[in-house]
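Be aware that the sequence shown starts at 17, since it is given in my numbering, and climbs by one per residue.
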Amino acid sequence: MANQTAIEKPVAPTQLKKTLGPLMLWGLGVGYVISGMYFGWNLGLAEGGTLGLAIATFFIIILYVTFTFSYTELACAIPKAGGVFDYATRAMGNNIGFIAGMAQMIEFVFAPPAIAAAIGAYFHIFFPQFSVTSIAITAYILFTALNIYGVKAAATFELIVTAFAVFELLLFSGITLPHFHWANLTQNALPHGLKGIWAAIPFAIWFFLGLEGVANVAEETVNPQKNVLKGFGSALITLIVLCALVFVSSIGVGGWEKIVYPTPGADASDSPLPMALAQITGNSGLLYHLLITIGLMGLVASFHGLILAASRATYDFGKTGCIPKIFGVIHPKANTPANALVLNLVLGIIALLTGKTGDIITIAVFGAIALYIFAMIALLILRKKEPLLERPFKVPLYPYFPIIAVIIAVVSMIAMITLNIKLSLIFFAILALAYIWFHFIVKRKRNAGSTAIS
Numbered sequence: 017m018a019n020q021t022a023i024e025k026p027v028a029p030t031q032l033k034k035t036l037g038p039l040m041l042w043g044l045g046v047g048y049v050i051s052g053m054y055f056g057w058n059l060g061l062a063e064g065g066t067l068g069l070a071i072a073t074f075f076i077i078i079l080y081v082t083f084t085f086s087y088t089e090l091a092c093a094i095p096k097a098g099g100v101f102d103y104a105t106r107a108m109g110n111n112i113g114f115i116a117g118m119a120q121m122i123e124f125v126f127a128p129p130a131i132a133a134a135i136g137a138y139f140h141i142f143f144p145q146f147s148v149t150s151i152a153i154t155a156y157i158l159f160t161a162l163n164i165y166g167v168k169a170a171a172t173f174e175l176i177v178t179a180f181a182v183f184e185l186l187l188f189s190g191i192t193l194p195h196f197h198w199a200n201l202t203q204n205a206l207p208h209g210l211k212g213i214w215a216a217i218p219f220a221i222w223f224f225l226g227l228e229g230v231a232n233v234a235e236e237t238v239n240p241q242k243n244v245l246k247g248f249g250s251a252l253i254t255l256i257v258l259c260a261l262v263f264v265s266s267i268g269v270g271g272w273e274k275i276v277y278p279t280p281g282a283d284a285s286d287s288p289l290p291m292a293l294a295q296i297t298g299n300s301g302l303l304y305h306l307l308i309t310i311g312l313m314g315l316v317a318s319f320h321g322l323i324l325a326a327s328r329a330t331y332d333f334g335k336t337g338c339i340p341k342i343f344g345v346i347h348p349k350a351n352t353p354a355n356a357l358v359l360n361l362v363l364g365i366i367a368l369l370t371g372k373t374g375d376i377i378t379i380a381v382f383g384a385i386a387l388y389i390f391a392m393i394a395l396l397i398l399r400k401k402e403p404l405l406e407r408p409f410k411v412p413l414y415p416y417f418p419i420i421a422v423i424i425a426v427v428s429m430i431a432m433i434t435l436n437i438k439l440s441l442i443f444f445a446i447l448a449l450a451y452i453w454f455h456f457i458v459k460r461k462r463n464a465g466s467t468a469i470s
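In structure tokens form, the structure reads like this:
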């Protein structure tokens with residue numbers, strides 16, 4: 017037929033699909049962070065003792081309370097997948113925005129391989145015929161595939177494993193608290209004096225690292241102006257309660273040394289919960305193994321959730337041309353940033369193969385603290401620069417909340433640098449090299465493109 021209608025090709029989606037509600041956001045927020053309750057934080061006890069880590073954690077909780085409410089204002093006013101990259105770009109221009117976005121990328125790309133290594137080490141106990149690295153890589157591939165499949169499926173899975181992880185921590189506290197003795201909290205409480213508080217700061221941050229990832233799914237949230245606050249706020253309250261329970265119940269069983277050193281004089285262990293439980297149930301009973309098995313859910317929840325958050329940050333970098341635009345493409349059927357997920361998978365496996373888990377965690381923490389500083393400065397600038405910007409949620413006690421957050425974040429950054437000079441140089445070198453790429457390659461392409469159009 018001469019008048020035959022042409023067959024149109026399906027148009028590829030250009031926006032992420034909105035499917036997430038407040039319950040899903042709670043699951044993501046708690047899930048991003050909850051592995052920090054299971055391992056790593058107790059190493060701060062070796063630095064500061066019970067009192068030193070408690071004081072450091074108190075100030076870090078203030079940081080996260082003030083930061084979370086401030087960041088929620090930004091996420092509701094500018095609900096974009098790029099998070100701090102979009103906020104800082106709007107407030108301070110492309111150059112600072114790129115550096116802020118790169119700091120976010122470092123946090124979200126480096127944290128998952130560290131947790132993957134912990135998952136590999138855990139499964140290696142039960143399946144010694146497989147290496148830790150091979151198990152970790154397998155987990156990376158499986159959870160990347162789940163995220164490619166669809167955000168709703170990924171968020172539903174995250175909600176389920178997070179619920180199991182929270183249940184396990186509550187059960188752990190229920191078993192250990194009857195054996196709590198106040199004297200165990202006060203013995204050798206500040207072994208290294210005031211400098212121990214300083215040294216404990218990075219481990220206090222590890223308790224809550226990753227919560228800001230909720231902002232990166234704001235673009236996929238139904239009614240983000242209301243639901244981001246609900247998800248962010250409820251996740252923060254949950255995490256503060258769990259932090260206090262885990263801290264008190266695990267140390268209260270036998271003192272802080274018992275959940276740091278397996279035997280006197282041994283190297284520090286990053287498995288505080290199993291060490292606390294072993295003092296009550298032994299390390300071979302059914303209850304011990306049941307609780308430890310459920311505890312794996314905490315690692316899985318954080319690993320899977322951070323893969324999701326990282327892909328959104330990478331996707332927005334690609335969409336804006338800061339990295340090759342192929343990584344800013346959405347899968348036509350799954351409506352997920354598949355290319356960004358694959359890129360992060362490759363980068364994560366490379367980091368994993370270095371075998372430097374502790375160093376990877378530290379570099380991720382550097383990225384997080386830099387993110388907090390840039391975000392709070394962006395909020396303060398946008399309040400003056402764009403007073404008419406629609407802000408469905410406004411941070412309470414402005415400007416005190418963002419100012420308090422940025423002060424504590426700067427102090428934390430100074431502590432991290434003084435304690436990790438070599439790794440801080442690596443972190444800042446990554447930022448510098450990335451900026452050189454941005455300045456000489458990305459900006460030149462943009463300028464050439466705008467010249468061609470004109």
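Positions of the beta carbon are idealized from the N, C-alpha and C atoms, including for glycine.
request  = Can you say whether Thr378 is buried or exposed, counting buried as having 16 or more other CB atoms within 10 angstroms of its CB?
outcome  = Per the 10 Å Cβ criterion, buried.
task = Look up Leu206 in the DSSP assignment and say whether it is helix, strand or coil.
result = Assigned with DSSP and collapsed to three states, Leu206 falls in coil, not helix or strand.
query = Between the segment 336-353 and the segment 177-193, do three or more beta carbon pairs fall short of 8 Å?
reply = Short answer: they don't touch.
ask   = Counting Cβ pairs closer than 8 Å, one from the segment 38-51 and one from the segment 365-375, do we hit at least three?
value = No contact exists between the segment 38-51 and the segment 365-375.
query = Where does Thr373 fall in DSSP's three states?
reply = Residue state for Thr373 is assigned as helix, using DSSP reduced to three classes.
ask   = Would Ala251 pass as a contact of Leu387 if the rule is Cβ separation under 9 Å?
value = Remark: C-beta atoms of Ala251 and Leu387 do not approach each other more closely than 9 Å.
message = Which residue marks the beginning of the alpha helix (DSSP H) containing Pro280, and which one marks its end?
response = Judged by DSSP secondary structure, Pro280 falls outside any alpha helix (DSSP H); it is assigned neither H nor E.
message = For Thr237 and Pro288, what's the separation of their Cα atoms in angstroms?
response = Whole-angstrom Cα-Cα distance: 36 Å.
query = If you draw a straight line from the C-alpha of Trp453 to the C-alpha of Gly117, how long is it?
reply = Rounded to the nearest whole angstrom, the C-alpha separation of Trp453 and Gly117 is 14 Å.
query = What's the call for Ala199, buried or exposed, on a 16-neighbour Cβ count within 10 Å?
reply = Per the 10 Å Cβ criterion, exposed.
request  = Under 6 Å Cβ to Cβ from His195, same chain only, skipping five residues before and after it: list those, please.
outcome  = The beta carbon of His195 sits closer than 6 Å to those of Val269 and Ile296, all from its chain and outside the five residues before and after it, given in chain order.
query = What are the boundary residues of the alpha helix (DSSP H) that Asp102 is part of?
reply = Val100 to Met108 is the extent of the alpha helix (DSSP H) around Asp102.
key: Helix, strand or coil at Leu413 [DSSP, three-state]   = Looking at Leu413 - three-state DSSP - the assignment turns out to be coil, as it is neither helix nor strand.
task = Just tell me which of Ile457, Leu357, Ile191 and Trp214 has its CA closest to the CA of Ser71.
result = Ser is not the amino acid found at residue 71; the sequence shown has Ile there. When Ile457, Leu357, Ile191 and Trp214 are compared, the shortest CA-CA separation from Ile71 is found for Trp214.
inquiry  = Is the beta carbon of Thr66 closer than 9 Å to that of Leu210?
reply    = No, they are not a contact pair.
query = Helix, strand or coil for Thr237 per DSSP?
reply = Assigned with DSSP and collapsed to three states, Thr237 falls in strand.
message = For Ala394, tell me which candidate among Thr73, Glu89, Leu69 and Ile346 has the shortest Cα-Cα distance.
response = When each option's Cα is compared against that of Ala394, the closest is Glu89.
task = Per DSSP, which residues does Leu36 bridge with? Please list them.
result = Answer is Thr237, bridged to Leu36.
task = Measure the C-alpha to C-alpha separation of Asn204 and Leu293 and round it to an integer number of angstroms.
result = Taken atom to atom, the span from the alpha-carbon of Asn204 to that of Leu293 is near 21 Å.
ask   = Does the beta-carbon of Tyr80 have 16 or more other beta-carbons within 10 angstroms, so that it is buried, or is it exposed?
value = It counts as buried.
At least 3 beta-carbon pairs within less than 8 Å: the segment 321-339 vs the segment 113-131 = Counting Cβ pairs under 8 Å, three or more are found: they touch.
message = So, for Val458: in the same chain, excluding its five sequence neighbours on each side, which residues have a beta-carbon less than 7 Å away from its beta-carbon?
response = Answer for Val458: Gly337 and Cys338, listed in chain order.
key: Assigned secondary structure, Asn58 (DSSP; H/G/I helix, E/B strand, else coil)   = Under the three-state reduction of DSSP output, Asn58 falls in the coil class, being neither helix nor strand.
ask   = Taking just the CA atoms, how far does Phe173 sit from Leu368?
value = One alpha carbon belongs to Leu368, the other to Phe173, and they sit about 24 Å apart.
inquiry  = Given this structure, state the Cα-to-Cα distance separating Lys461 from Asn110, to the nearest angstrom.
reply    = Cα to Cα, the separation comes out at about 14 Å.
ask   = Is Ile346 helix, strand or coil when you go by DSSP?
value = DSSP places Ile346 in the coil class of the three-state scheme, outside both helix and strand.
request  = Going by CA-CA distance only, name the one from Tyr416, Ile389 and Phe382 that's closest to Ile446.
outcome  = The shortest Cα separation from Ile446 among Tyr416, Ile389 and Phe382 belongs to Phe382.
request  = Out of Asn351, Phe223, Ala62 and Ala234, point me to the one whose CA is closest to Met53's CA.
outcome  = Checking every option, the nearest Cα to that of Met53 belongs to Phe223.
ask   = Got a sec, what are the start and stop residues for the alpha helix (DSSP H) Ile213 sits in?
value = Counting along the chain, Ile213 sits inside the alpha helix (DSSP H) bounded by residues Lys211 to Trp222.
query = If you run the structure through DSSP and keep just helix, strand and coil, what is Ala468?
reply = Because Ala468 sits at a pLDDT of 46, beneath the cut-off of 50, its placement in the model cannot be relied upon, and the following sentence gives the value as read from the coordinates. DSSP places Ala468 in the helix class (H, G or I) of the three-state scheme.
ask   = Under a three-way DSSP split, which group does Ile442 fall into?
value = It is helical.
query = Between the C-alpha atoms of Leu398 and Leu225, what's the straight-line distance to the nearest angstrom?
reply = One C-alpha to the other measures close to 25 Å.
Between the CA atoms of Ala350 and Val167 - distance to the nearest angstrom = Val167 and Ala350 have their C-alpha atoms spaced approximately 8 Å apart.
task = Answer with buried or exposed for Pro412, where buried requires no fewer than 16 other C-beta atoms within 10 angstroms of its C-beta.
result = With fewer than 16 other Cβ atoms within 10 Å, it is exposed.
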